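J.: Heads up: the protein sequence lines correspond to chains A and B, in order.
Numbering follows the working numbering, in which position 148 of the first sequence is assigned residue number 148; successive positions increment by one, without gaps.
Numbering follows the working numbering, in which position 49 of the second sequence is assigned residue number 1049; successive positions increment by one, without gaps.
Where is the CB? At the ideal position from N, CA and C, for every residue including glycine.
Note that the structure is a prediction, hence the values are computed from the model and not measured.
Shown below is the structure under consideration.
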Amino acid sequence: MKTRDQIAQSLANAGYIADTELATAISLMQLLRRPLLLEGEAGVGKTEVAKALASVHATELIRLQCYEGLDQAQALYEWNYQRQLLAIEAHRGHADQIEDQIFSEKYLLERPLLAAIRRTVPPVLLIDEIDRADDEFEAFLLELLSDFQVSIPELGTINATSIPHVVLTSNGTRELSDALRRRCLYHYVDYPDVDREARIILARIVGASASLSLQIARLVESLRKEELRKVPGVAETLDWAAALVGLDVRDLADAPEVVHETLMCLLKTQEDRARVTREVSARLLEKVA
Amino acid sequence: MSCCGTTPELEDMDAVARLVASRLSAFLHTLRDNGFAIGLSEGQDAATLMASSLVQKPGLLRSAFKHLFSARKSEWDRFDGLFDSFWLNKRVRSRSLTSGSSKAANSPSLKSLQDSSAAHSSPQTVTDQVPSSDDTPQEAGGEGRSEGASRVHNLPDVDFRKLSDPDQIAQAHEAAARLAKAMQTRLTRRDRLRQRGERLDLRRTIHRNISHGGVPITLVKRRRKDKPLRLVVLLDASGSMSMYTAVFLRFIHGVLDEFREAEAFLFHTRLAYVSDAMKEKDAARALDRLSMMAQGAGGGTQIGESLQTFNRWHAARVIHSRTCVMIVSDGYETGDAVLLGREMAQLTRRCRRIVWLNPMLGWEGYAPEAKGIQAALPHVDLYAPAHTLASLAALEPYLARL
Chain A
1 MKTRDQIAQS LANAGYIADT ELATAISLMQ LLRRPLLLEG EAGVGKTEVA KALASVHATE
61 LIRLQCYEGL DQAQALYEWN YQRQLLAIEA HRGHADQIED QIFSEKYLLE RPLLAAIRRT
121 VPPVLLIDEI DRADDEFEAF LLELLSDFQV SIPELGTINA TSIPHVVLTS NGTRELSDAL
181 RRRCLYHYVD YPDVDREARI ILARIVGASA SLSLQIARLV ESLRKEELRK VPGVAETLDW
241 AAALVGLDVR DLADAPEVVH ETLMCLLKTQ EDRARVTREV SARLLEKVA
Chain B
1001 MSCCGTTPEL EDMDAVARLV ASRLSAFLHT LRDNGFAIGL SEGQDAATLM ASSLVQKPGL
1061 LRSAFKHLFS ARKSEWDRFD GLFDSFWLNK RVRSRSLTSG SSKAANSPSL KSLQDSSAAH
1121 SSPQTVTDQV PSSDDTPQEA GGEGRSEGAS RVHNLPDVDF RKLSDPDQIA QAHEAAARLA
1181 KAMQTRLTRR DRLRQRGERL DLRRTIHRNI SHGGVPITLV KRRRKDKPLR LVVLLDASGS
1241 MSMYTAVFLR FIHGVLDEFR EAEAFLFHTR LAYVSDAMKE KDAARALDRL SMMAQGAGGG
1301 TQIGESLQTF NRWHAARVIH SRTCVMIVSD GYETGDAVLL GREMAQLTRR CRRIVWLNPM
1361 LGWEGYAPEA KGIQAALPHV DLYAPAHTLA SLAALEPYLA RL
């Protein structure tokens, strides 16, 4: 088990610039064996946490993307019906053997949840955007997360060979059940502050200088304070930084035109685009440069 | 254990442990009082944390507890303050005390609602009393029935407030109930027609064809499970709406009766959950129970505050991804219009559609100038008049498309 400081260190090595509390959360995940529920606006890097966690533990990342209508067949397991039918046809006449055969591991299709509990090395299981799945699925998940065993009627109960590190993310489009919330550790991922965002840009974008990163972070920070419909996330900031570096901008103050025209990386709706006029972008630029 | 506020003179470790345990349980109690949902297992985990190396620094323990105990953003934001005030005595406890009464607001039991409204409507203030013919014992006590708002006006294409003849009123009420029923049947029928299988469901196909020896003759298609549309109605029962309240109550009663999933709330200066009272099969009796609740304080309409209560305590339970929230109000906000705008914005994020029905909209020469409605309009998906039955019926195709 790693201590909190080691975790913070290896997160940094993995290229994830974490806020101080995230390392605590991750050490608690180990200590208490609870899943971690991450909430926050879209684009603040919730999914990235899981990826970084996988590299901290040097293990595999298994991802389950949730959507409305997701059911057990897509999340847990499914029999390979095509193959079963073929086998039945091929062994016509040997009915007694065929039954044992077609309900064996060979004909079982592993889906992410089953895969996650059957690895020898505990993987990181990312259940992405759990708020999009239905209530029924949430209830089922709750059961799986407390017992870590799956019962398949034809095959029997499958116990977990290892307990995965579970990370759930939610955008808050739907309120999650209190039971699920209680089961999990909770961490709210906020937009990073200027300093952290600058360090993220510096770590991720090759060719970004420290001063440019800081300027970009400051401008994005003040842009977030404007009345926008879709506030730009960290991913957008990185896009924009990459665009500026690609266009060979060294200092934002030197290239107000380029800044205004590349704002499309940050503003993703027509409304927001119209709201941030040349005057507004010039005003923002004045503040940071 | 520097953070735990234990006095250093205590040398007996057992005593220290006991003290820590009692302090911890007191802390859990404080959190529960503040609306945190904390079970036994959280308590055990907290004890584990107290025994681990994390306790060396108060900051670390706070952060650890914060992850463990909070379950949503609002709790996450409040936690640090609560922790500091409890363990480090940094702030006065006033914060926890003010929100400490939240338990009651969380689940206002029908009884407490009735009791309080019964207190408001002492016999002198009740406008009219009809002696009950069937003596059903009512929770609120034997003070008879108040007809209150239900003595007011309405009809098919006539403005509700212009109705005066009791027969016409009865007719309008019938029509409102019928309308609610018609909406339900048509909405479900459309649901059925829309369902079309996308892919083969092999599991079910095989099962269905066991009788054919496994040869897939009848095919079963996978179909998307449709959630029934849920309708949440928030009805303004303030004085300015009094001419319309009765007929809408009848409509809501019909909706609750017919829709598989519907919830109803009344608000004036505060919000009341009325689905239970409305589920009374006998419409007249349900209305009686309601008009008692509707009487409330009567001084103005605090839409913003009522919505805040709704968002804080009811929305999570009542709203799912296929929910339409219907607000029936004239938008005369006597409270804070800014708050109303903010709460509307929050509500938009949760539900599929917000329909705002404004009876005044049907009046000639009415323009939405009240500052309440001004603040709310940007967040409303459909803003429609609802002063006649015809205008209510016109809503149905819109709802069907959701």
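Should B/Lys1066 be flagged as near chain A, meaning a C-beta pair shorter than 9 Å?
T.: Here residue 1066 of chain B refers to the residue found at position 66 when the second sequence is read from its first residue. For B/Lys1066, the answer is yes, since a Cβ of chain A falls inside 9 Å of its Cβ.
J.: Is the CB-CB distance between B/Asp1336 and B/Gly1304 below 9 Å?
T.: In the second sequence, counting from the first residue as 1, residue 1336 of chain B sits at position 336. In the second sequence, counting from the first residue as 1, residue 1304 of chain B sits at position 304. In this structure, B/Gly1304 lies closer than 9 Å to B/Asp1336 by Cβ.
J.: Could you round the C-beta distance between A/Asp131 and A/Asn171 to whole angstroms and report it? I think they count as a contact, below 8 Å.
T.: For the purposes of this step, residue 131 of chain A is taken as residue 131 along the first sequence, with counting starting at 1. For the purposes of this step, residue 171 of chain A is taken as residue 171 along the first sequence, with counting starting at 1. The Cβ separation is near 6 Å, so the contact holds.
J.: With DSSP collapsed to three states, give me the class of A/Ala203.
T.: Residue numbering aside, residue 203 of chain A sits at position 203 when the first sequence is read from its first letter. Looking at A/Ala203 - three-state DSSP - the assignment turns out to be helix.
J.: Would you decide whether A/Pro123 is buried or exposed? Buried here means 16 or more other CB atoms lie within 10 Å of its CB.
T.: Walking along the first sequence from the start, residue 123 of chain A turns up at place 123. Classification of A/Pro123: buried, given that the 10 Å Cβ count is 16 or more.
J.: Between B/Ile1038 and chain A, is the shortest Cβ-Cβ distance under 9 Å, so that the two count as touching?
T.: Position 38 of the second sequence, counting from 1, holds the residue named residue 1038 of chain B. B/Ile1038 counts as touching chain A.
J.: What residues match up with A/Ser170 in a beta bridge as DSSP calls it?
T.: Working through the first sequence from its first residue, we reach residue 170 of chain A at position 170. Looking at the DSSP assignment, A/Ser170 forms a beta bridge with A/Glu39.
J.: Give, in chain order, every residue of the segment 161-194 of chain A whose Cβ lies closer than 8 Å to some Cβ of chain B.
T.: Those residues of the segment 161-194 of chain A that come within reach of chain B (Cβ to Cβ, closer than 8 Å) are Gly172, Thr173, Arg174, Glu175, Asp178, Arg181, Arg182, Cys184, Leu185, Tyr186, His187 and Tyr188.
J.: What do you get for B/Asn1089, buried or exposed, if any count of 16 or more other CB atoms within 10 angstroms of its CB means buried?
T.: Counting from 1 along the second sequence, the entry for residue 1089 of chain B is found at position 89. Under this definition B/Asn1089 is an exposed residue.
J.: Let's see if you can read the secondary structure: which residues bound the alpha helix (DSSP H) around B/Pro1385?
T.: As a first step, residue 1385 of chain B must be located in the second sequence, where it is residue number 385. B/Pro1385 -> not in any alpha helix (DSSP H); beta strand (DSSP E) instead, spanning Leu1382 to Pro1385.
J.: Do three or more CB pairs link the segment 1208-1225 of chain B to the segment 1246-1255 of chain B at distances below 8 Å?
T.: With a cut-off of 8 Å, the segment 1246-1255 of chain B and the segment 1208-1225 of chain B do not count as touching, because too few Cβ pairs lie within range.
J.: Report the rounded CA-to-CA distance for B/Ser1146 versus B/Arg1312, giving the unit in angstroms.
T.: Residue numbering aside, residue 1146 of chain B sits at position 146 when the second sequence is read from its first letter. Residue numbering aside, residue 1312 of chain B sits at position 312 when the second sequence is read from its first letter. Because the pLDDT at B/Ser1146 is just 34, under 50, the model does not fix this residue reliably, and the point stays unresolved.
J.: Counting contacts by CB-CB distance shorter than 9 Å, is B/Ser1025 in contact with chain A?
T.: On the second sequence, position 25 is the one that residue 1025 of chain B refers to. By this cut-off, B/Ser1025 is not an interface position.
J.: Using a Cβ-Cβ distance under 9 Å, would A/Arg275 count as near chain B?
T.: Numbered from its first residue, the first sequence carries residue 275 of chain A at position 275. So, not an interface residue.
J.: Decide yes or no for the touch test of the segment 86-103 of chain A against the segment 52-67 of chain A: beta carbon pairs closer than 8 Å, at least 3 of them.
T.: The segment 86-103 of chain A is not in contact with the segment 52-67 of chain A.
J.: For A/Leu70, which residues of its own chain have a beta-carbon under 6 Å away from its beta-carbon, when the five flanking residues on both sides are left out?
T.: Position 70 of the first sequence, counted from the first residue, corresponds to residue 70 of chain A. Ala133 and Phe137, listed in sequence order.
J.: Sort B/Ala1051, B/Arg1270 and B/Leu1060 by Cα distance to A/Glu21 and report the nearest one.
T.: Locating residue 21 of chain A in the first sequence gives position 21, counting from the first residue. Minimum Cα distance to A/Glu21 is reached at B/Leu1060.
J.: From A/Ile26, A/Asp251 and A/Thr169, pick the residue whose C-alpha is nearest to that of A/Gly45; which is it?
T.: Position 45 of the first sequence, counted from the start, is the residue given in the question as residue 45 of chain A. Answer by Cα proximity: A/Thr169.
J.: Nearest by alpha-carbon distance to A/Tyr191: which of A/Ser222, A/Pro256 and A/Ser146 is it?
T.: Here residue 191 of chain A corresponds to residue number 191 of the first sequence, with the count starting at 1. The shortest Cα separation from A/Tyr191 among A/Ser222, A/Pro256 and A/Ser146 belongs to A/Ser222.
J.: Identify the contact partners of B/Lys1073 in chain A, using a Cβ-Cβ distance below 7 Å as the criterion.
T.: Position 73 of the second sequence holds residue 1073 of chain B. Neighbours of B/Lys1073 on chain A, chain order: Glu39 and Tyr188.
J.: Quick check on DSSP: helix, strand or coil for A/Leu85?
T.: Residue mapping note: residue 85 of chain A aligns to position 85 of the first sequence, counting from 1. It is helical.
J.: For A/Val249 and A/Gly43, I'd like the C-alpha separation in whole angstroms.
T.: By 1-based counting over the first sequence, the position of residue 249 of chain A is 249. By 1-based counting over the first sequence, the position of residue 43 of chain A is 43. One C-alpha to the other measures close to 24 Å.
J.: Under 7 Å Cβ to Cβ from A/Cys265, same chain only, skipping five residues before and after it: list those, please.
T.: The residue labelled residue 265 of chain A in the question sits at position 265 within the first sequence. Hits under 7 Å: Glu236, Asp239, Trp240 and Ala243.
J.: Is A/Thr24 close to chain B? Criterion is C-beta to C-beta, closer than 9 Å.
T.: The residue you call residue 24 of chain A lines up with position 24 of the first sequence. Answer yes: the Cβ-Cβ gap between A/Thr24 and chain B drops below 9 Å somewhere.
J.: Can you tell me whether A/Asn159 is helix, strand or coil according to DSSP?
T.: What you label residue 159 of chain A is simply residue 159 of the first sequence in a count that begins at 1. Reduced to three states, the DSSP call for A/Asn159 is strand.
J.: Where do the N-terminal and C-terminal ends of the beta strand (DSSP E) with B/Ala1272 fall, by residue?
T.: Here the question's residue 1272 of chain B lines up with position 272 in the second sequence. B/Ala1272 -> beta strand (DSSP E) spans Leu1271 to Tyr1273.
J.: For A/Leu28, return the contacting residues in chain B, with the cut-off set at a CB-CB distance below 8 Å.
T.: The count along the first sequence starts at 1 and reaches residue 28 of chain A at position 28. Simply Leu1049, Ala1064, His1067 and Leu1068.
J.: Among the residues of its own chain, which have a CB less than 7 Å from the CB of A/Phe140, if the five just before and after it don't count?
T.: The residue you call residue 140 of chain A lines up with position 140 of the first sequence. These residues qualify, in order along the chain: Gln72.
J.: Does DSSP put A/Leu125 in a helix, in a strand, or in coil?
T.: Position 125 of the first sequence, counted from the start, is the residue given in the question as residue 125 of chain A. Strand.
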